[in-house]
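**Q**
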Amino acid sequence: MDLKTTQLLDLSHSMAGEYLAQFEYPWQALGGIKNLILELGLTLGEEYQEIVPTVWVHKTASVAPTAYLGAPCIIGANTEVRHCAYIRGSALVGENCVVGNSVELKNVILFDKVQVPHYNYVGDSILGYRAHMGAGSITSNVKSDKTLVIVKSDDEIETGLKKFGAMVGDFTEVGCNSVLCPGTVIGRESNIYPLSPVRGIVPEKSIYKANGNVVKKV
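Residue numbers (numbering that gives the first Met the number 0): 0 to 217.
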């Protein structure tokens, strides 16, 4: 199964690449995102503005006046943050991304060219290069019984995390109104059908049609 950091993500497409390279599995990086942003912020050049303490926005980014940017966060070059987006904090948003209307982000890394354009919630998650979340699709980051999240592979992998949404590989398409359950891992270049409740692992270059019905792309 394609669970390891470098199997899911092209680390050249994020400021977090060097940080993520330390970890065998990408979810191991979730606990350090806040400190990572604070450290990166001190290294940013003049092309970034610190609009309030520990909130850095690239001069080419477009941020709607109704959007909320909570500290700490970084908004990359040519990224668009639309009307009423709610970035709660600890969000590293890459270049050429779209954070859409009424989208909420919390403790996340969005690689370059990620799109979360319409009514999405992404929490305690990492979205790879050119990943796209369809309208209304969300990550669910806490189990209903509040126990620690387990990644369900051939062998169950204990994460030690109470909050863990999804690890989404490069070029993945998540269909509208889908829910990525806690501990979901989706491999590169996979597609999730709309209205899907996804849990466990979706291999790379696959199509998730329904629970237990996952087919390889041809």
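The beta-carbon is built from N, C-alpha and C at its ideal position, and this holds for glycine as well. Since we're looking at a predicted model, the values are computed, not measured.
Can you give me the Cβ contacts of Glu233 inside the same chain, cut-off strictly under 7 Å, excluding the 5 residues immediately before and after it?
**A** There is simply no residue 233 to check, as the chain begins at 0 and stops at 217 in what is shown.
**Q** Output the distance between the C-alpha atoms of Cys180 and Arg81, rounded to the nearest integer angstrom.
**A** Computed Cα separation, rounded: 26 Å.
**Q** Taking C-alpha atoms, which residue in Val197, Pro193, Leu68 and Gly44 lies nearest to Gly174?
**A** When only C-alpha atoms are compared, the closest one is Pro193.
**Q** Leaving out five residues on either side along the sequence, give the residues of the same chain with a beta carbon under 8 Å from the beta carbon of Leu91.
**A** Excluding sequence neighbours, Leu91 sits near Ser13, Met14, Ala15, Ile32, Leu35, Ile36, Leu39, Cys72, Ile73, Val107, Ile108 and Leu109.
**Q** Ends of the beta strand (DSSP E) at Gln274?
**A** The displayed coordinates of the chain run from 0 to 217. Any statement about residue 274 would go beyond what the structure contains.
**Q** Between the region 22 to 31 and the region 46 to 62, can you find at least three pairs of beta-carbon atoms closer than 8 Å?
**A** The region 46 to 62, when compared against the region 22 to 31, does not touch it at the 8 Å Cβ threshold.
**Q** Could you tell me the alpha carbon to alpha carbon distance between Thr5 and Cys83, rounded to whole angstroms?
**A** Taking the straight line from one Cα to the other gives about 34 Å.
**Q** Using only CA atoms, which one of Gly159, Ser139 and Gly199 lies nearest to Thr146?
**A** If we check each option's Cα against that of Thr146, Gly159 comes out closest.
**Q** Confirm, please, whether the CB-CB distance from Val178 to Leu126 is below 7 Å.
**A** No, Cβ-Cβ distance for Leu126 and Val178 is not below 7 Å.
**Q** Can you look up Lys215 in the DSSP assignment and give me helix, strand or coil?
**A** Lys215: strand per DSSP, three-state reduction.
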